[in-house]
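Asker: My questions all concern the structure below.
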Amino acid sequence: MTTAPRIVCRAGPSLDKLTDVDVNRSSLPIDGPHFFGSVAVRLKDYRGPKAQEGKSVREPEQPFMEDGTTWSISFQGTFKEQVTADEVLFGNTWEKPIKSYLPYGTSAALRFMKYVDPSMDCDLYADKPWALSPLFATLQYLSAKEVASSDGAPPAFVPDTFPEDVSPLVPPEDAAALKDQPAARRSYFTKAPHRSATRFGPSHLIRGDFSHGFLNFDSLSVSLPGGLSFSLAKYWNGEPVVFSCQKRGTGDPYFVVSFTLETDDGSEVKPQAAAPTEDAEAGGANDDVD
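Okay, so the sequence shown: first residue is 1 according to full-length UniProt numbering, each after it adds one.
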């Protein structure tokens, strides 16, 4: 059986300031122009870079929030300026076109993702493709608490389980129905008026977890409901897969997490041949994220 490529994970305040992440073990401090905190990455069946062989951890030291999860990007920190929940987006961005590498089934995969996250919008056929959602509407788990702006560094961040609670950010009449109810909170923040009315900044410590179970890192494949499954390595175009938390409109990054591939011996994975193109029924250009 062919060995899946190794995964190289880096994170930082922007794409030009990335640092290796100690996947499955510890968080990485982030101190950028717009965000101050930490980011952690957990991957089930993780095969790290050749340079870290014998040092990387294959399974997460801290459990996922839910059974069946295979990967998680979690964070904790403060946003350095006052923003609304409508201004902060999270998702994937690319620096070069990927349309020639999209597999058959992309439209079905996008429909599935829109079902999971109705607030997601995307343009995978742009010169710089993107797929972004309002942060508060897409995170699997989210919490917020008030802190003094002069507290200095956020508390040490361990990516373990935590209670869902955004009570400090929403009206009291909404808080009770949202506490400990991640699905209700995601639904609440799909509505633009709720996002625009929710403000946070240096005096709020925000903690979030973005996690799913449809990626298999042992084979580097995607498996979606309905039997849709395909190899990620087969459609690799040589570009990093970037998860970006960024500001709507300007694209200013709060933090980014980047994944690249390398072969078993540590060399660069070459881009695969472009895939046959698929009808762009679900991935055409969009002007903005709802």
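We put the beta carbon where it would ideally sit given N, CA and C, even for glycine.
The structure displayed is predicted, hence computed values, not measured ones.
#1: Restricting to Cα atoms, I'd like to know which of D265, D165, R42, V269 is closest to E53.
#2: Rounded to whole angstroms, how far is the Cβ of A137 from the Cβ of R186, which I believe are closer than 8 angstroms?
#3: Going along the chain, which residues of its own chain have a beta-carbon closer than 8 angstroms to the beta-carbon of D98, five neighbours each way excluded?
#4: Mind checking D86: buried by the 16 CB within 10 Å criterion, or exposed?
#5: Report buried or exposed for P172, applying the criterion of at least 16 other Cβ atoms within 10 angstroms of its Cβ.
#6: Tell me whether F255 sits in a helix, a strand or coil according to DSSP, three-state version.
#7: Where does A184 sit, in a helix, a strand or coil, going by DSSP?
#8: Do you know offhand how far G12's Cα is from P163's?
#9: Applying the criterion that 16 or more other CB atoms from any shown protein chain within 10 Å of the CB defines a buried residue, is T19 buried or exposed?
#10: Quick check on the DSSP output: the beta strand (DSSP E) that includes Y141 runs from which residue to which?
#11: Assign D279 to one of two classes, buried (16 or more other C-beta atoms within 10 Å of its C-beta) or exposed (fewer than that).
#12: Which class does Q76 belong to by DSSP, given the choice of helix, strand or coil?
#13: Using CA atoms only, rank isn't needed, just tell me which of L110, E262, S221 is closest to N92.
#14: Could you pull the start and end residues of the beta strand (DSSP E) that L43 belongs to?
#15: Does Q82 pass the burial test, meaning 16 or more other C-beta atoms within 10 Å, or should it be called exposed?
Answerer: The answer reads as follows:
#1: D265
#2: 5 angstroms
#3: In the sequence under discussion, the amino acid at residue 98 is Ile, which differs from the Asp named in the question. Result list for I98: L124, P129, N237, E239, in chain order.
#4: buried
#5: exposed
#6: strand
#7: helix
#8: 26 angstroms
#9: exposed
#10: Start and end: 141-146.
#11: The predicted position of D279 is uncertain, since its pLDDT is 44 and thus under 50; a value taken from the coordinates is nonetheless stated next. Exposed: under 16 other Cβ atoms inside 10 Å.
#12: Three-state DSSP puts Q76 in a strand.
#13: L110
#14: 35-43
#15: exposed
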